[in-house]
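First the structure, in the form of structure tokens, and then the observations on it.
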Amino acid sequence: MLKKYLLLLSVFLFPALVTMAQHDKYVQAQLFYAKFYSPADGPFLETYLSVVGNTVNYQPLPEGGFQGKIEVTMIFTKDSAVVNYDKYELLSPVVKDTSGIDFNFLDQQRFSLPNGVFDFQITINDPGSNMSPYATTQTIEINFPPDKVSVSGIQLVESYEATTTENILSKSGYDLVPYVYNFLPDKVNTLTFYSEIYNASGQFGEKEPFLINYFLESYETGKKLNKFARFKRESAKTVNILFANFDITHLASGNYNLVVEVRNRENEVIAENRLFFQRSNPDVAIDFADYAAASTHNSFVSRITSKDTLRQYIDYLIPVATDVELKFITHQIQKGDADLPMMQSFFFNFWLDRNEGDPEYAWRKYLSAVELVNEQFGAPGTKGQRGYRTDMGRIFLKYGPPNTISDQPFAASTSGMTINDGGEKGYDAGSVPYQIWHYYTIDNQRNRKFVFANIHIALNNYKLIHSNMPGEISNENWQAELHNRFQHGGSMPDGDKYGGKSGDLYNNPR
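Residue numbers (this note's numbering): 54 to 563.
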């Protein structure tokens, strides 16, 4: 295995986005990874683990000071067979006083992996704590075809400097300190990233010209943001490098993809890759007058002449609207006094962005889905919540119907059964009603899951309590929410275990 590298890293802390946090009594850490290829050694996965320093237990050292230690295990399996693994101890910097720890420490690893689909499990344990180890598993796919152009993973970069001595951070003459979060707050005004293009010379010919386009696009609509679009002309090599950045000072809050694409002389897209990220930038002003610019004359929207009807139609858009569109809906439609022409223009622009060729078809298709979720997920009665406003309705409208649904009704129990390591597999303590939705793929995301719970056991009142989909709520202790009202002295489920029936249904959707 390649050597380890420990680095103090000043980063912004976002507990709501931390993927390995249980409570403040658990180690908090963020895992990020990117896929690369070496012409000499083949594909490899690079992992970046950032540990929140003040969540680790520090022990006194004989020579003075204090140091934290966590045990990390990373295992890659395919069809239950171990393909690669490593187990090591990660040490924090030595501190004189544990009361004012305000840093993170970073670990970076590289794992050789062949092309294929793997289960990647990481386990983190703080031996200075009495808490159970934390483990989580993700499905990853490695695919670098030998006879085609491909694009590596996209690595976000916190900082960089010229390499003086080759080390695990080194790439193409620079030491790249990774930015380990997919959330960019308003304090971050530069988006720096690194990516590689493989086998361009094999497909285009040695030193033949080709184009690398890189840009930001709306995650919801896929629309390119022309203000954040650049290109780079390259001569084909075995490995071509893209090391670039965007000034995002004026990038509005929202969900985005960073896109890298390779085009040939005919301007055809040959290969591409995307990286999802979220931006928070509340001070960027939005010019709502832009929505009044498009003409709706003779369009399908011109036939919607009732302001109340159009207001309802626009409200239907909330589950799939971008952050900027949501602000318009909130400030100009719901709270403001937008006139009918502005509402028509906004509605037309909304669907034109999503289907330039046939915006009316896109709207009619979406309206059918809204009617379906209103029927399936809405609360009964005239005062009940309509389906498109529910969590289930929002997820259905945003991502489409799931491939599988595990529907578990109310299960009363006073046994206080342990559902971590005790009891038989497939048995739970009592639980509130819950559903687990499973999607084989969402865009380029594999094996995405959503857990809904009817916490108050009310008719059609399911709330999303956990998902492994970027941009959605992530709560690794979701099982506790299913079972906590039934525990009477029994052991609560550690979120890392995913034991019992609920864990089995989550880990093995069916």
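Every residue gets a Cβ at the ideal spot worked out from N, C-alpha and C, and that includes glycine.
Keep in mind it's a predicted model, so treat the numbers as computed, not measured.
Contacting residues, own chain, Cβ-Cβ under 7 Å from residue i (five flanking each side not counted)
i, result
"Ile128", "Val135, Tyr138, Gln174"
"Ile458", "Gln488, Trp490"
"Phe284", "Leu264, Ile265, Asn266"
"Gln120", "Tyr111, Gln112, Leu114, Leu144, Ser145, Val147"
"Gln438", "Gly431, Ala432"
"His76", "With a pLDDT of 41 at His76, under the threshold of 50, the predicted position of this residue should be treated as unreliable, and no value is reported."
"Lys276", "Glu270, Asp406"
"Leu222", "Tyr58, Gln161, Asp228, Leu229, Val230"
"Tyr492", "Tyr452, Pro455, Asn456, Arg501"
"Lys280", "none"
C-beta atoms of residue i and residue j nearer than 8 Å
i, j, result
"Leu159", "Leu98", "no"
"Thr130", "Lys140", "no"
"Asn157", "Ile195", "no"
"Ser182", "Asn110", "yes"
"Phe330", "Leu370", "no"
"Glu273", "Thr375", "yes"
"Ile367", "Phe401", "no"
"Leu425", "Val373", "no"
"Ala82", "Val105", "yes"
"Pro317", "Phe257", "The identity of residue 317 in the sequence shown is Asn, whereas the question assumes Pro. Yes, these two residues count as a Cβ contact at 8 Å."
"Ser352", "Tyr309", "no"
"Gly307", "Val377", "yes"
"Arg499", "Thr192", "yes"
"Asn242", "Thr302", "yes"
"Asn235", "Pro523", "yes"
"Val313", "Val170", "no"
"Pro486", "Pro455", "no"
"Lys122", "Pro180", "yes"
"Lys360", "Met395", "no"
"Leu304", "Arg332", "yes"
"Ile510", "Arg501", "no"
"Glu525", "Leu517", "yes"
"Asp200", "Gly255", "yes"
"Pro96", "Phe197", "yes"
"Ser484", "Ser398", "no"
"Phe299", "Gly206", "no"
Contact set for residue i: own chain, Cβ-Cβ below 6 Å, skip 5 residues either direction
i, result
"Leu278", "Leu269"
"Ser355", "Thr349"
"Gln515", "Before going on, a small fix: residue 515 reads as Tyr here, not Gln. Hits under 6 Å: Met445, Phe505, Asn507."
"Asn107", "Ile154"
"Val233", "Gln83, Phe85, Tyr101, Ser103"
"Asn293", "Ile250, Ala253, Glu287"
"Glu261", "Ala289"
Status (buried if at least 16 other CB within 10 Å, exposed otherwise) for residue i
i, result
"Gln429", "exposed"
"Val230", "buried"
"Glu584", "Residue 584 lies beyond the range of the chain shown here (54 to 563); nothing can be said about it."
"Glu529", "buried"
"Ser225", "exposed"
"Pro22", "A question about residue 22 goes unanswered here, because the residues of the chain that appear run from 54 up to 563."
"Gly453", "exposed"
"His519", "buried"
"Ala338", "exposed"
"Ala391", "buried"
"Leu393", "exposed"
"Leu295", "buried"
"Arg417", "exposed"
"Gln365", "exposed"
"Arg447", "buried"
"Ser421", "exposed"
"Asn521", "buried"
"Lys388", "exposed"
"Asn178", "buried"
"Thr383", "exposed"
"Gly410", "exposed"
Below-8 Å beta-carbon distance, residue i vs any chain C residue
i, result
"Ser484", "Protein chains in the displayed structure number just one, and chain C is not present."
Same chain only: Cβ atoms within 8 Å of residue i, ignoring 5 sequence neighbours per side
i, result
"Arg563", "Thr457, Ser459"
- Item | Ordered list of alpha helix (DSSP H) runs contained in the stretch 252-296, each at least 4 residues | 253-257
- Task: Check whether the stretch 317-324 touches the stretch 253-269, counting contact only when three or more Cβ pairs, one atom from each stretch, lie closer than 8 Å.
- Result: yes
- Message: Taking contact to mean 3 or more Cβ pairs, one atom from each stretch, closer than 8 Å, check whether the stretch 240-257 and the stretch 207-215 are in contact.
- Response: With a cut-off of 8 Å, the stretch 207-215 and the stretch 240-257 count as touching, because enough Cβ pairs lie within range.
- Message: To test your reading of the DSSP string, which unbroken beta strand (DSSP E) runs of 3 or more residues are found completely within the stretch 203-239?
- Response: Listed in chain order, they are 208-215, 227-231.
- Query: Is the stretch 101-118 close to the stretch 212-221, with three or more CB pairs under 8 Å?
  - Reply: no
- Any chance you could list the alpha helix (DSSP H) runs of at least 4 consecutive residues sitting entirely within the stretch 410-468, in chain order? Runs found: 412-430, 444-452.
- Ignoring anything shorter than 4 residues or poking outside the stretch 314-374, list the alpha helix (DSSP H) runs there in chain order. 360-369
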